[in-house]
Amino acid sequence: MVVPVISEESAEVEVLEARLAKTVELTTKIAASLARLQLSGTNVETAVKPIYGKTTSLTIRAQNIDATLAALDRVRKPADIVSVEEATIKAGPQKVGLSEYLACLNRLNAGLQSLKQANMRSQQTALKRMTDLLKAGTLEMENLFRQALAEDSNAVEPLHYITKELPFPTFSAQKINVLVVLNNYLSSPIAQASGLDPDTPSIYAQIRSTYLVATLSSLSQATLNTAQRSPTDKKPYDKGSNGIIVYLNALEAIFAAEYENICHLFPSNIWTKLYASTVSSEMSALKSTIFELDRVVKANLMLDCFLAFDVIETVTPASSRLGAKTGEKEGFADALKPIRQTAQASFAVMLEDVRKTVSGLQTLPADNGVLEITQAMMGRLRRLTDYKLAITGLLIGLGDGNWKSAPTNSSASLPSLTQFDVGADGTTLLAHFCNDVIDALMIQLEAKAKTLIKKPAAVSVLLINNAFYVESQVKRSELGTIMAGAGVRAIESRRKKAVESYMEPWKEAAAFVTEERFSNAKKEKDSVKDKFKNFNALFEELVNRHKAFFWADKDVSSMMRKEVAFIVPIYAKFWDKYKEGMRDKYVKWDKQGVEQIVSGL
């Protein structure tokens, strides 16, 4: 049963061997085919390789030719711009329109930069023509900028805006848009590439400064005209009567409008500098005007020092407001310098004028009334309160008591900045100055009265009338507030001193009827008789003299009547005690009679 199995396995082996023989045969054939294919590939490569090399070389050459042609085209195109854009440049921006003109300039600049980069000698002519066109176009833009500014820079009537409280005109939104476009171009590298490099801020300052000066010139002249006085005019300057107030109101308003224009047109980093440049011509005009006003003030210092105060009081706040807005603060301070020095010197002159005027008097009022110098001096002091801003600042700068120094025209005598008391109270200094002036008046007046008037009572009356006038003028004006406290008490003390001097003989009369003790009745009776006789004579003399005196004011008369009335109770008490033992020839008045006489003074 084993034989059949071996036969089957032998048959399978035979089959496998037959398949293996076929595979070997097939492999041999494939190897022969591959050998033939490799031989064919080698032959093809040998044939194609030279062709491929030539094709690659031709491709590179074609690319180089295309690049050369493109470069030539790029060089030729900028040169062609000259003929294309020349007509636009010559026509001008007003004809072709600002936007198209700017586009034309941009194209010219692009072409110019391209030619410069190419740096080809053959294009030098085109380069020059393009530069000339760009320069011509930039000049057109600069002229248009000037023209646009000039259109709105005609002088206006300043009083129209001041009297109607209208703001001074500024550029319209449309005009601002045009000017901004022009300024942006003229400040750009394109304009600089033309070789012109236009300075638009300087152009603006030149045109607008002419406008400012032309607009304000009439007010400057009016300021000088209103400062003139006739030789016969001896009235002190009245606050607000000079044209400087209207001038400065207009100047402040138009300067503020100009700064607003600048802020709309230019970058913020040049606002203050350009503003200062623009207003510099008008600031020079203001400085010249104030210089002329200073000459007017110096010619009549005691009458026109108040004009100097008015100028300072007007200019200083305007300067502060504009300085806070624009950042420019130096111009006004420089313009005020001469008149400020004169104003500071006027305090010493005012004090010295009082001394010289009184000491130079040859006569005094026959009625012992208020002197003209007293009235003039108090008028000056009252007027000082109209300029508190200016006065307090000047006195702080001058320093407490420095007005006592001899007046001089030299600025070297004025305190330096290091000497200023920054903590000083200007109102207190004004009170000190007024007190010094009043002191000088009363001291000089007392000395002069004692020289020219022989009667002490008349001297006292003169001093009372003048001291009371000074006191009343202080208390009835703002001086009372400024000099409140020690200042007012000093004035009252001067008046009381004069009254006490006048009351000396009245006190002597009162002494006659003052009670005293006696050692015996006979001595007492004889003494009382003498007292009544002496009192009668002196009292009658004093009453008649008092009635003969001129009292400058009913309030003075009332005050003196109250002062004299002290004698009534003293006499009444003495009369009540001794009336029974005295005959009429000794007792001239009863107590009611004396009271009636005194009340009638």
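In the UniProt record's numbering, the protein residues as written are 1 to 601. C-beta atoms are modelled at their ideal positions from N, C-alpha and C, and glycine is treated no differently.
Distance between residue j and residue i (C-alpha atoms, nearest Å)
{"i": "Cys305", "j": "Ala256", "result": "30 angstroms"}
{"i": "Leu463", "j": "Arg489", "result": "17 angstroms"}
{"i": "Ser281", "j": "Tyr101", "result": "35 angstroms"}
{"i": "Pro158", "j": "Thr215", "result": "6 angstroms"}
{"i": "Leu414", "j": "Asp353", "result": "The pLDDT assigned to Leu414 is 48, lower than 50, so where the model puts this residue is not dependable; a value taken from the coordinates is nonetheless given after this. Looking at the two C-alpha atoms, the distance is approximately 19 angstroms."}
{"i": "Leu384", "j": "Met377", "result": "11 angstroms"}
{"i": "Leu336", "j": "Asn249", "result": "16 angstroms"}
{"i": "Pro338", "j": "Asp367", "result": "44 angstroms"}
{"i": "Val279", "j": "Gly323", "result": "13 angstroms"}
{"i": "residue 602", "j": "Trp575", "result": "The first residue shown for the chain is 1 and the last is 601, placing residue 602 beyond what the model contains."}
{"i": "Ser172", "j": "Gly240", "result": "35 angstroms"}
{"i": "Ile207", "j": "Met283", "result": "15 angstroms"}
{"i": "Val437", "j": "Arg380", "result": "10 angstroms"}
{"i": "Lys356", "j": "Ser493", "result": "24 angstroms"}
{"i": "Asp439", "j": "Leu395", "result": "18 angstroms"}
{"i": "Tyr185", "j": "Glu330", "result": "33 angstroms"}
{"i": "Thr223", "j": "Thr272", "result": "28 angstroms"}
{"i": "Met141", "j": "Thr131", "result": "15 angstroms"}
{"i": "Trp589", "j": "Trp403", "result": "56 angstroms"}
{"i": "Phe420", "j": "Gly426", "result": "Since pLDDT at Phe420 reaches only 47, below the 50 mark, its modelled position is unreliable, and no value is offered."}
{"i": "Leu144", "j": "Thr210", "result": "18 angstroms"}
{"i": "Phe468", "j": "Ser218", "result": "48 angstroms"}
Outcome for residue i when other beta-carbon atoms lying within 10 angstroms are tallied against a minimum of 16
{"i": "Gln444", "result": "buried"}
{"i": "Gln341", "result": "buried"}
{"i": "Thr59", "result": "exposed"}
{"i": "Gln344", "result": "buried"}
{"i": "Arg61", "result": "exposed"}
{"i": "Ser33", "result": "exposed"}
{"i": "Glu85", "result": "buried"}
{"i": "His160", "result": "exposed"}
{"i": "Glu12", "result": "exposed"}
{"i": "Lys454", "result": "exposed"}
{"i": "Asn225", "result": "exposed"}
{"i": "Lys235", "result": "exposed"}
{"i": "Ser7", "result": "exposed"}
{"i": "Thr392", "result": "buried"}
{"i": "Glu471", "result": "buried"}
{"i": "Glu14", "result": "exposed"}
{"i": "Asn261", "result": "buried"}
{"i": "Val556", "result": "buried"}
{"i": "Gln473", "result": "buried"}
Where residue i falls: helix, strand or coil (DSSP)
{"i": "Met130", "result": "helix"}
{"i": "Gly41", "result": "helix"}
{"i": "Leu303", "result": "helix"}
{"i": "Val513", "result": "coil"}
{"i": "Asp310", "result": "helix"}
{"i": "Ala484", "result": "coil"}
{"i": "Glu142", "result": "helix"}
{"i": "Pro201", "result": "helix"}
{"i": "Gln228", "result": "coil"}
{"i": "Gln362", "result": "coil"}
{"i": "Ile453", "result": "coil"}
{"i": "Phe347", "result": "helix"}
{"i": "Ser220", "result": "helix"}
{"i": "Phe332", "result": "helix"}
{"i": "Glu165", "result": "coil"}
{"i": "Leu601", "result": "coil"}
{"i": "Ser536", "result": "Per the sequence presented here, residue 536 reads as Asn, with Ser not at that position. Of the three classes helix, strand and coil, the one that applies to Asn536 here is helix, per DSSP."}
{"i": "Val279", "result": "helix"}
{"i": "Pro236", "result": "coil"}
From the options, residue whose alpha carbon lies closest to that of residue i
{"i": "Gly600", "options": "Arg494, Thr226, Lys562", "result": "Lys562"}
{"i": "Ala548", "options": "Trp575, Ala458, Phe574", "result": "Ala458"}
{"i": "Ser153", "options": "Val213, Leu39, Ile162", "result": "Val213"}
{"i": "Leu139", "options": "Asp199, Gly401, Gln375", "result": "Asp199"}
{"i": "Gly401", "options": "Asp386, Leu429, Met442, Leu112", "result": "Leu429"}
{"i": "Tyr204", "options": "Ser268, Leu398, Asn183", "result": "Asn183"}
{"i": "Tyr247", "options": "Ala227, Leu441, Gly426", "result": "Ala227"}
{"i": "Thr451", "options": "Ser194, Leu265, Asn536, Gln362", "result": "Gln362"}
{"i": "Ile491", "options": "Glu508, Phe512, Lys507, Asn465", "result": "Asn465"}
{"i": "Met503", "options": "Ile312, Lys90, Ile567", "result": "Ile567"}
{"i": "Asn300", "options": "Ala333, Leu364, Pro231", "result": "Pro231"}
{"i": "Tyr586", "options": "Gly97, Gln192, Asp526, Ile570", "result": "Asp526"}
Residue i: CB within 6 angstroms of a non-hydrogen atom of the ligand ADP
{"i": "Met483", "result": "The ligand ADP is not among the ligands present in this structure, which contains no ligands whatsoever."}
Any C-beta of chain D under 7 angstroms from that of residue i
{"i": "Ile60", "result": "Protein chains in the displayed structure number just one, and chain D is not present."}
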